[in-house]
Amino acid sequence: MSPTNRTVVVTGIGATTPLGGDAASTWEGLVAGKSGVRALEEEWAADQAVRIAARVAVEPLEVIPRPQARKLDRSAQFALIAAQEAWKDAGFSGKAGEEGSEGDVEPDRLGAVIASGIGGVTTLLDQYDVLKDKGVRRVSPHTVPMLMPNSPSANVGLLVGARAGVHTPVSACASGAEAIGYAIEMIRTGRADVVVAGGTEAAIHPLPIAAFGNMMAMSKNNDDPQGASRPYDTARDGFVMGEGAGVIVLESAEHAAARGARVYAEAVGQGISADSHDIVQPEPEGRGISHALQNLLDNTDLDPAEIVHVNAHATSTPAGDVAELKALRKVFGDDADHMAVSATKSMTGHLLGGAGGVESVATVLALYHRVAPPTINVENIDPEAEANADVVRGEARKLPVEGRIAALNDSFGFGGHNVVLAFRSV
Amino acid sequence: MAATQEEIVAGLADIVNEIAGIPVEDVQLDKSFTDDLDVDSLSMVEVVVAAEERFDVKIPDEDVKNLKTVGDATAYILKNQG
Numbered sequence: 001m002s003p004t005n006r007t008v009v010v011t012g013i014g015a016t017t018p019l020g021g022d023a024a025s026t027w028e029g030l031v032a033g034k035s036g037v038r039a040l041e042e043e044w045a046a047d048q049a050v051r052i053a054a055r056v057a058v059e060p061l062e063v064i065p066r067p068q069a070r071k072l073d074r075s076a077q078f079a080l081i082a083a084q085e086a087w088k089d090a091g092f093s094g095k096a097g098e099e100g101s102e103g104d105v106e107p108d109r110l111g112a113v114i115a116s117g118i119g120g121v122t123t124l125l126d127q128y129d130v131l132k133d134k135g136v137r138r139v140s141p142h143t144v145p146m147l148m149p150n151s152p153s154a155n156v157g158l159l160v161g162a163r164a165g166v167h168t169p170v171s172a173c174a175s176g177a178e179a180i181g182y183a184i185e186m187i188r189t190g191r192a193d194v195v196v197a198g199g200t201e202a203a204i205h206p207l208p209i210a211a212f213g214n215m216m217a218m219s220k221n222n223d224d225p226q227g228a229s230r231p232y233d234t235a236r237d238g239f240v241m242g243e244g245a246g247v248i249v250l251e252s253a254e255h256a257a258a259r260g261a262r263v264y265a266e267a268v269g270q271g272i273s274a275d276s277h278d279i280v281q282p283e284p285e286g287r288g289i290s291h292a293l294q295n296l297l298d299n300t301d302l303d304p305a306e307i308v309h310v311n312a313h314a315t316s317t318p319a320g321d322v323a324e325l326k327a328l329r330k331v332f333g334d335d336a337d338h339m340a341v342s343a344t345k346s347m348t349g350h351l352l353g354g355a356g357g358v359e360s361v362a363t364v365l366a367l368y369h370r371v372a373p374p375t376i377n378v379e380n381i382d383p384e385a386e387a388n389a390d391v392v393r394g395e396a397r398k399l400p401v402e403g404r405i406a407a408l409n410d411s412f413g414f415g416g417h418n419v420v421l422a423f424r425s426v
Numbered sequence: 427m428a429a430t431q432e433e434i435v436a437g438l439a440d441i442v443n444e445i446a447g448i449p450v451e452d453v454q455l456d457k458s459f460t461d462d463l464d465v466d467s468l469s470m471v472e473v474v475v476a477a478e479e480r481f482d483v484k485i486p487d488e489d490v491k492n493l494k495t496v497g498d499a500t501a502y503i504l505k506n507q508g
């Protein structure tokens with residue numbers, strides 16, 4: 001009989017984000033309160049209502065050789081860069097089971113779960129331009145494997161040699177978190193010993209920007225790019241689109257111990273729910289979010305008394321930011337008083353399906369370093385936010401230096417998807 | 427004006443360099459696209475389309491499978507170029 005309730009830990013981290021080309025520089029930027037948001041200088045941006053975004057700090061072509069990069073959508077390029085870093089960080093190198101590879105893992109017990117909210121949208125749109133301008137024959141034969149939403153996951157699976165299963169849960173901006181939740185379950189229930197998991201997104205292109213802009217979901221604070229993403233501030237007017245990827249290596253505690261791996265944190269588990277309220281509007285009282293938080297508590301041995309930090313979903317939209325904090329207060333009551341809430345999207349922008357990946361990296365590092373990154377740009381805090389939560393504003397804050405501490409990473413998506421992940425110090 | 431064998435090999439070398447990153451000097455008549463030059467089946471379609479454009483030749487899909495080496499492609503283009 002296979003084990004069904006195994007402990008899962010995080011043994012590797014990787015990221016490429018608007019704040020840095022790896023997890024260390026991203027973390028440094030987060031703790032320093034830096035904004036990765038810039039004015040869009042591209043010619044197409046001139047006609048847009050939204051002319052700001054958070055591009056990655058390091059262009060993927062600086063890392064991936066051109067012949068390889070030209071067969072990969074930008075979202076898969078980000079995923080590969082973050083996965084490569086996480087894989088190496090966990091003490092592995094090369095394709096599992098192949099000659100010259102390092103680190104002890106059976107390919108049949110190795111999985112990959114990388115999600116994206118939109119997938120290869122820029123490839124699709126670019127190739128449609130080729131079709132219109134140059135004709136059928138010139139459409140790239142690589143188009144399909146580049147644009148399919150499972151492309152980042154499949155390419156990461158190929159990179160590491162994953163044969164236990166390669167998956168791609170899609171739930172808009174909750175996708176990255178759902179991927180990590182799925183990976184935790186693969187290990188917990190005994191399907192795999194090691195899973196490379198995270199999220200990626202590359203949607204800074206005129207069409208998605210126009211579309212999100214017309215939904216009135218994005219900030220139009222074009223005159224102040226670095227001040228535009230302002231979760232919990234009374235003047236918040238929508239999210240700022242970011243791009244990049246965050247990937248972690250999850251592993252059964254037993255497997256990690258057997259190979260002497262460094263453990264960053266325990267991946268305690270997840271709580272999932274759906275709003276069933278509206279296709280895009282958050283349920284204003286946060287009922288679906290409360291349900292997800294309650295499921296997390298019911299599914300795991302997490303004790304609200306040990307939760308000291310929440311990496312909030314908080315995208316800087318008027319309704320969503322406050323609904324989440326109401327849910328935290330409703331479920332945790334007075335325990336919410338000792339939870340330092342950080343909205344790192346104030347610095348990275350909103351990476352859509354990549355957000356859960358990058359923010360899981362941030363949450364794990366917050367526990368590891370015992371520091372909560374700040375929420376920047378909160379000049380006048382929304383009274384409803386202040387009444388319900390302890391928002392870390394302006395500067396990073398130290399977390400308790402001793403004892404077992406836990407942290408949550410919230411991710412919610414269009415469609416009413418709610419995913420809450422919990423990590424704990426070891 | 428029709429291209430010479432030398433010009434075709436040089437042209438294919440540029441194309442393979444762009445698509446697969448192989449140094450132009452490594453693209454020789456006896457080299458296999460898949461085994462020696464890191465051109466997978468999908469990239470081979472790209473090589474063919476680029477060659478069609480450059481040498482004013484049509485290479486139908488059913489003929490592509492016969493073009494295993496740079497020499498095969500060069501001979502095909504020499505024979506069929508417009």
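Quick mapping for you: the protein sequence lines, in order, are chains P and V.
Each residue of the first sequence is one higher than the one before, counting from 1 in the numbering used here.
Each residue of the second sequence is one higher than the one before, counting from 427 in the numbering used here.
Beta carbons are placed, not taken as given, at the ideal position from N, Cα and C, and that holds for glycine.
- Contact with chain P is absent for S458(V), since none of that chain's Cβ atoms lies less than 9 angstroms from the residue's Cβ.
- Within the same chain, Cβ atoms closer than 6 angstroms to the Cβ of G413(P) are found at S171, A172, C173, A174, the five residues on either side in sequence being excluded.
- Within the stretch 119 to 143 of chain P, R137, R138, S140, P141, H142 place their CB atoms closer than 9 angstroms to a CB of chain V, listed in sequence order.
- For the stretch 136 to 171 of chain P, the full-length beta strand (DSSP E) segments reaching 3 residues or more read 165 to 167 along the chain.
- Note on geometry: alpha-carbon atoms of K398(P) and D464(V) lie some 51 angstroms from one another.
- Counting along the chain, the unbroken alpha helix (DSSP H) around T123(P) starts and ends at 121 to 134.
- Among the residues facing chain V, K95(P) is not included, as its CB has no counterpart in that chain under 9 angstroms away.
- Under a 10 Å Cβ-count criterion, T11(P) is classified as buried, with 16 or more other Cβ atoms of the shown protein chains found around its own Cβ.
- DSSP places F78(P) within a helical segment (H, G or I) once states are collapsed to three.
- D464, L468, S469, V471, E472, V475: these are the residues of the stretch 449 to 475 of chain V whose beta carbon lies less than 8 angstroms from some beta carbon of chain P, given in chain order.
- Considering only P449(V), N506(V), S467(V), the residue with the shortest C-alpha distance to F481(V) is N506(V).
- In the DSSP assignment, I118(P) falls outside any alpha helix (DSSP H) and carries neither an H nor an E.
- Along the stretch 144 to 164 of chain P, going in chain order, the ones with a CB nearer than 8 angstroms to a CB of chain V are P145.
- Rounded to the nearest angstrom, the Cβ distance from G119(P) to R6(P) is 31 angstroms, too far for a contact under 8 angstroms.
- Within a 10 Å sphere around the beta-carbon of A258(P) sit fewer than 16 other beta-carbons, which makes this residue exposed.
- For V358(P), the enclosing alpha helix (DSSP H) begins and ends at 355 to 369.
- Per the Cβ contact rule, the stretch 225 to 232 of chain P is in contact with the stretch 368 to 383 of chain P (3 or more Cβ pairs under 8 angstroms).
- Apart from the 5 residues on each side of it in sequence, L147(P) sits with its Cβ closer than 8 angstroms to the Cβ of D73, G119, G120, V121, T123, L124, Q127 in its chain, given in chain order.
- V194(P) is the residue among V194(P), H142(P), P152(P) whose C-alpha sits nearest the C-alpha of R163(P).
- In terms of CA proximity to S116(P), G244(P) leads the group G244(P), A32(P), G349(P), S35(P).
- Residues of the stretch 62 to 73 of chain P with a Cβ closer than 9 angstroms to any Cβ of chain V, in chain order: P65, R66, P67, Q68, R70, K71.
- When beta bridges are read from the DSSP output, S93(P) appears opposite E102(P).
- For A446(V), a Cβ of chain P is located within less than 9 angstroms of the residue's own Cβ.
- As the crow flies, the alpha-carbon of L40(P) is around 43 angstroms from that of P486(V).
- Taking D89(P) as reference, the option from D47(P), A24(P), S219(P) with the minimal CA-CA separation is A24(P).
- The Cβ-Cβ distance between H309(P) and S342(P) falls below 9 angstroms.
- When DSSP states are grouped into helix, strand and coil, R393(P) belongs to the strand group.
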